[in-house]
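Same order as they appear, the protein sequences are chains B and Z. Residue numbers for the first sequence follow the working numbering, so the first one is 1 and each next one is one higher. Residue numbers for the second sequence follow the working numbering, so the first one is 1001 and each next one is one higher. The C-beta atom is built at its ideal place from N, Cα and C for all residues, glycine as well. These figures come from a predicted structure and were not determined experimentally.
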Amino acid sequence: MGSAWNVIPQNMGLLLDGLLLTLQLSAFALLVSIPVGVLLGLCRISGNRVVSFLAVSYVEFIRGVPLLVLLFWIYFVLGKFLKLGPFLSGVLGLGLFSAAFIAEIVRAGIQAVPRGQMEAARSSGMTYVQAMRFIILPQALRKVLPPMASQFITLIKDSSLVSVISVVDLTLVAKNLVSTSFRSLEVWSFVAIMYFCVTFFLSQIISALERRYRVSE
Amino acid sequence: MRKWMFLCVALLLMIMTGCSQEAGTGVSGPSTIQKVIDKKKLVIGTSSGYFPFEMKDKEGKFVGYDMDLGTAMANALKVEVEFKDFSDFGGLIPALQTGDIDMVISGMTIRGDRALAVSFSDPYYSSGQVVMVPKKDSTTQSWKDLDQPGKKISVGQGTTGALLAKQLFKNAQVMDFDGFTNAALAVKQGQADALIFDEPGVRVFEIMNADSVRGVYEVLSSENLGIALPLNDQATIQWVNSFLASYRNGLDDQTSTNKWFKSNEWINQVQQQ
């Protein structure tokens, strides 16, 4: 059978292609989930009952459905009519899923800013939007960084699920490699390390950001 | 703190490298068949959803041609049988290598690359790969008609059809799905232009979805299905082959063949797609 770890350098190109796709998928999903999540979070605390009810419903529904089911649903049900294709279905599924969790993080962050801050801003003549933008959100940002970091890392890890709808991400490359080489231990160990390197690098960036914001406090 | 972390990762790597040297070597100690007799239980790995070899009925129980074979084997050994379901067909051989299951009966094609990782019994069934297309595609007569840029070919990840499709199609795009059911669903729903899969599976899927798909029965390969056993476990290989020699074409086998391949009555008993 030869040296078992040979399977890694021999298929390095394939594995790197898979990693690249995982990174692209996660990046696009982030681009979807951050604006949607922030908007949802703001709607959640809105004074308008209808708006906040809609946001709550969305968050509760998405949180109550497994991502795998959501992906199958988007690809096989929604994708049938919209002709989304695997990659876009994956981006949309991951993005909308992550948005629900980001919404909760944003809501908690804003609510953690003392109520007096808003009252002070309003009484100094600012509008609600101005007060949000210049007083509340900058303070909330600092509080939401650590939970956001774990959410981003979760997103990258969750992206491995898209392999079931034929997106050739790192996990599908690994599955295919195992099914032709049968070196499951070597392939999965290496892939685990690849995922770890990406998420570790990301968490280092976010800790650096946290340190920077702490200085300005 | 960071130093400690790297130390831990390095240690983990060393443990993994150490483990890998044991994997893939021959069996030592008692044979698998002896272990099965001792623990009074035969654990068979399978991947449900491959009609009519392995399916689940409405109560969630395994039924099908492979289940009849596995059950007959357990009866001959006078032990209990347990079927373990792997949704990922590609996970079956690794599970056999780690000893998680005693054997694989899952419509598995006997193939050279697999035979380096596991040992195969004599063949118990012969089939081949065919193409399945959506019903509205009335022109496709051969796989060659599908090999055009922009065409999408769905396959079950880790199956022989997947390997064959990647060799055959130079222009069309091959899409790996999680198992036959999802790959077939992609054709049914119009997300893929064709599926490459084993003939019996395609025939049954066509019967169940006659209004949406059509089989193109140009056989692309000739294949023998075998039982995968731990590598070089001679006692087990010999026992299984002796069993198959008496089972094949015997009364139980004939009953099973008539039930699953010559009649469609069982379709209402299994989970609907």
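- Query: What do you get for Val1219(Z), buried or exposed, if any count of 16 or more other CB atoms within 10 angstroms of its CB means buried?
  - Reply: exposed
- Message: Could you tell me the alpha carbon to alpha carbon distance between Gly18(B) and Ser163(B), rounded to whole angstroms?
- Response: 10 Å
- Task: Taking Glu1082(Z) as the reference, give the member of Tyr1065(Z), Phe1169(Z), Lys1061(Z) with the closest Cα.
- Result: Lys1061(Z)
- Query: Are at least three pairs of beta-carbons, each pair with one atom in the stretch 64-75 of chain B and one in the stretch 135-155 of chain B, less than 8 Å apart?
  - Reply: no
- Query: Under a three-way DSSP split, which group does Val65(B) fall into?
  - Reply: coil
- Just tell me which of Gly1090(Z), Asn1249(Z), Tyr1065(Z), Val1036(Z) has its CA closest to the CA of Ala1074(Z). Val1036(Z)
- Message: Buried or exposed for Gly13(B), going by 16 or more other Cβ atoms inside 10 Å?
- Response: exposed
- Message: Just to make sure I have the definition right: I need the residues of chain B whose C-beta is within less than 7 Å of the C-beta of Asp1102(Z). Which are they?
- Response: Residues of chain B passing the Cβ test: none, with the nearest at roughly 18 Å.
- Starting from the C-beta of Leu15(B), find all residues in its chain whose C-beta is less than 8 Å away, skip the five residues before and the five after it, and write them out in chain order. Around Leu15(B): Ile8, Leu170, Val173, Ala174, Leu177, Phe190, Val191, Met194.
- Buried or exposed: Tyr219(B), going by 16 or more other Cβ atoms within 10 Å of its Cβ? Nothing in the structure corresponds to residue 219(B), since chain B is present only between 1 and 217.
- Task: Find the residues of chain B that neighbour Met1175(Z), judging by a C-beta separation of less than 8 Å, and give them in chain order.
- Result: Pro86, Ser166
- Item | Coil, strand or helix - Gln1021(Z) by DSSP | Because the pLDDT of Gln1021(Z) is 44, which lies under 50, any placement of that residue in the model is unreliable, and the number read from its coordinates should be weighed accordingly. Gln1021(Z) falls in the coil class under three-state DSSP.
- Item | Interface residues of chain Z facing Phe221(B) [CB-CB closer than 7 Å] | For residue 221(B) there is no data in the structure shown, the boundaries of chain B being 1 and 217.
- Query: In whole angstroms, what is the alpha-carbon distance linking Asn1258(Z) and Ala1162(Z)?
  - Reply: 29 Å
- Given a threshold of 16 other Cβ atoms within 10 Å of its Cβ, counted over all protein chains shown, does Leu1164(Z) qualify as buried or as exposed? The residue in question, Leu1164(Z), is buried, as its Cβ has 16 or more Cβ neighbours within 10 Å.
- Query: Can you find at least 3 beta carbon pairs, one from the stretch 1185-1193 of chain Z and one from the stretch 1214-1229 of chain Z, that sit closer than 8 Å?
  - Reply: Result no; under three Cβ-Cβ pairs closer than 8 Å.
- Query: Using the C-alpha atoms, what's the distance from Ser181(B) back to Ala4(B)?
  - Reply: 10 Å
- Identify every run of the beta strand (DSSP E) within the stretch 1087-1132 of chain Z, keeping only runs that are complete inside it and at least 3 residues long; order them along the chain. 1125-1127
- Task: Compute the minimum distance between the beta carbon of Ser1212(Z) and the heavy atoms of the ligand PLP, and state whether it is under 6 Å.
- Result: This structure lacks the ligand PLP; in fact it carries no ligand of any kind.
- Item | 9 Å Cβ cut-off: residues of chain B touching Asp1137(Z) | Chain B residues near Asp1137(Z): none, gap ~17 Å exceeds 9 Å.
- Task: Could you check the C-alpha separation between Gly79(B) and Gly93(B) for me, to the nearest Å?
- Result: Taking the straight line from one Cα to the other gives about 11 Å.
- Query: Exposed or buried, what is Ser1087(Z) when buried is set at 16 or more other beta-carbons lying within 10 Å of its beta-carbon?
  - Reply: exposed
- Message: Check whether the stretch 1172-1187 of chain Z and the stretch 1151-1158 of chain Z touch, using three or more Cβ-Cβ pairs below 8 Å as the test.
- Response: yes
- Between Gly95(B) and Phe53(B), what straight-line distance do the alpha-carbon atoms span, to the nearest angstrom? 21 Å
- Query: Near Gln1129(Z), which residues of its chain fall below 8 Å by C-beta distance, leaving aside the five closest residues on each side in sequence?
  - Reply: Thr1160, Gly1161, Leu1164, Ile1196, Phe1197, Asp1198, Glu1199, Val1219, Leu1220, Ser1221, Glu1223
- Buried or exposed by the 16-neighbour rule on C-beta atoms within 10 Å, applied to Thr1098(Z): exposed
- Report the three-state DSSP secondary structure of Gly257(B) (helix, strand or coil). Any question about residue 257(B) goes unanswered here, given that chain B covers just 1 to 217.
- Item | For Leu1231(Z), three-class secondary structure by DSSP | coil
- Query: Does the distance from the CB of Leu67(B) to the CB of Phe97(B) come in under 7 Å?
  - Reply: yes
- Within the 7 Å Cβ cut-off, does Leu202(B) reach chain Z? no
- May I ask you to report which of helix, strand or coil DSSP gives Gln1173(Z)? strand
- Item | Any chain Z beta carbon closer than 7 Å to Lys157(B) | no
- Taking only beta-carbon atoms, is Gln1129(Z) less than 7 Å away from chain B? no
- Message: Does any residue of chain B have a CB that is nearer than 7 Å to the CB of Ile1093(Z)?
- Response: yes
- When burial is assigned at 16 or more other CB atoms within 10 Å of the CB, is Asn1249(Z) buried or exposed? exposed
- Roughly how many angstroms lie between the CA atoms of Val59(B) and Ala1210(Z), to the nearest whole one? 40 Å
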